[in-house]
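Visitor: Everything in the sequence shown is counted per the numbering used here, starting at 23 for the first residue and increasing by one. Heads up, the beta-carbon is just placed ideally off N, CA and C, and yes, glycines get one too. Everything numeric in this text was worked out from a predicted model, so none of it was measured.
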Amino acid sequence: MKFEKTNENTIKVWVTNKDLQERHVNLLDLMENQDDVEQFFYQILEEVDVDHEFQNNDLVSFQVLPAHDGFEMIISKDDRLVSQLTEANVNFASEESKEKFTKMKQKQQSSDVFDADHLTRVVPIRFASFEELLSGIQAAQRQLRIHGVKLATALYKREDQYYLVLRYQLLPDNVDPTWDEIKTQLDAIDDQLSLFYEFGELSPMRSEQLEQSAQPIIAQQAVKTLTHYFN
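So this is what it looks like as structure tokens:
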């Protein structure tokens, strides 16, 4: 198992499938039990924290990124790790891992929020005018239905701009979906969003901020309602 201390607050670990086999660990079985996951992470920490600088820190956190042959783990004493890491102080195992990390960092800093625990994703899109809102909905019509994904929509207005909030609920076919299954659905959502983004842009405000400061126009089934009246 390879690891590297990238700075005083961070250890980067590469865990391969061979490493898991040597430890008699089945990752899918492991993920079913939160206590086992935590124990496994701290076992890795004990192996790589040769200077014992992390093990006694109550604020230690773990970031896990899927890789081609296992996964990458970033162990930090700072819970603001993702927003602080830059390409300058992280050596990525592959371009694929680098791309995944970049996307994760961008998502955590933006209003596009994916909740892995509840398999939900909320994306607010800002349109400069009502006409562009309708054009965006019309463009996305052919991809509004995504297999295994339930979509709820709401419309808000703030300072003469329109905000369409898209709430996706992932409903995988399997009770215990793999990352590949989840990623397939997230990729399909990205394809749909790209059509909306032809006429709008990701809102700088999160959905909860819009609920507090913007004027609600259509609280439920906004896309269906607008399509019915303006198609």
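Out of curiosity, what's the CA-to-CA distance linking Val35 and His74?
Guide: So the two alpha carbons sit approximately 16 Å from each other.
Visitor: Nearest-angstrom Cα distance between Ile147 and Gln191?
Guide: One C-alpha to the other measures close to 17 Å.
Visitor: Output yes or no for whether 7 Å exceeds the beta carbon distance between Leu232 and Tyr185.
Guide: Their beta carbons are under 7 Å apart, which means Leu232 touches Tyr185 by this criterion.
Visitor: Please classify Tyr178: is it buried, with 16 or more other beta-carbons within 10 angstroms of its beta-carbon, or exposed?
Guide: Flag for Tyr178 reads buried.
Visitor: Of the choices Ala138, Val145, Ser216, Pro226, whose alpha-carbon is the least far from that of Lys205?
Guide: Selected option, being the one with the closest Cα: Ala138.
Visitor: With DSSP as the reference, label Tyr219 as helix, strand or coil.
Guide: If DSSP states are grouped into helix, strand and coil, Tyr219 belongs with coil.
Visitor: For Thr200, count neighbouring Cβ atoms within 10 angstroms of its own Cβ and tell me buried if that reaches 16, exposed if not.
Guide: Classification of Thr200: exposed, given that the 10 Å Cβ count is below 16.
Visitor: Where do the ends of the alpha helix (DSSP H) carrying Val145 lie?
Guide: That residue, Val145, is in no alpha helix (DSSP H); its beta strand (DSSP E) goes 142-149.
Visitor: Using only CA atoms, which one of Val82, Val135, Lys40 lies nearest to Gly92?
Guide: That would be Lys40, whose Cα lies nearest to the Cα of Gly92.
Visitor: Please determine, among Ser229, Lys99, Ile33, the residue with the shortest C-alpha to C-alpha distance to Ala174.
Guide: That would be Ser229, whose Cα lies nearest to the Cα of Ala174.
Visitor: Measuring CA to CA, which of Phe218, Gln65, Pro194 is closest to Ala150?
Guide: Of Phe218, Gln65, Pro194, the residue nearest in Cα terms is Phe218.
Visitor: In terms of residues, what are the limits of the alpha helix (DSSP H) holding Leu42?
Guide: It spans 39-44 - the alpha helix (DSSP H) in which Leu42 sits, taken as one unbroken run.
Visitor: Pull up the distance between the alpha-carbon of Ala236 and that of Arg164, whole angstroms please.
Guide: Distance between the alpha carbons of Ala236 and Arg164 is about 29 Å.
Visitor: Who are the near neighbours of Leu107 in its chain, counting only those whose CB is closer than 6 Å to its CB and skipping five residues on each side?
Guide: The predicted model places Leu107 with a pLDDT of 38, which falls under 50 and marks its position as unreliable; any figure quoted below should be read in that light. Taken in chain order, the list of residues that qualify is empty.
Visitor: Which partner residues does Arg180 have in the DSSP bridge list?
Guide: Per DSSP, Gln183.
Visitor: Lys246 by DSSP, collapsed to three states: which one?
Guide: Reduced to three states, the DSSP call for Lys246 is helix.
Visitor: Is Gly170 closer than 7 Å to Leu188 when the C-beta atoms are compared?
Guide: Not a contact, by the Cβ cut-off of 7 Å.
Visitor: Ala244 to Ile159, Cα distance in whole Å?
Guide: Cα to Cα, Ala244 sits roughly 10 Å from Ile159.
Visitor: What did DSSP end up calling Phe76 once you bin it into helix, strand or coil?
Guide: Coil at Phe76, not helix or strand.
Visitor: Identify, in the order they occur along the chain, each residue of the same chain with its Cβ nearer than 6 Å to the Cβ of Phe63, setting aside the five sequence neighbours on each side.
Guide: If we look at Phe63 and ignore the five residues flanking it on each side, its Cβ neighbours are Phe84.
Visitor: Can you list, in chain order, the residues of its chain with a C-beta nearer than 8 Å to that of Asp213? Leave out the 5 residues immediately preceding and following it.
Guide: Around Asp213: Gln165.
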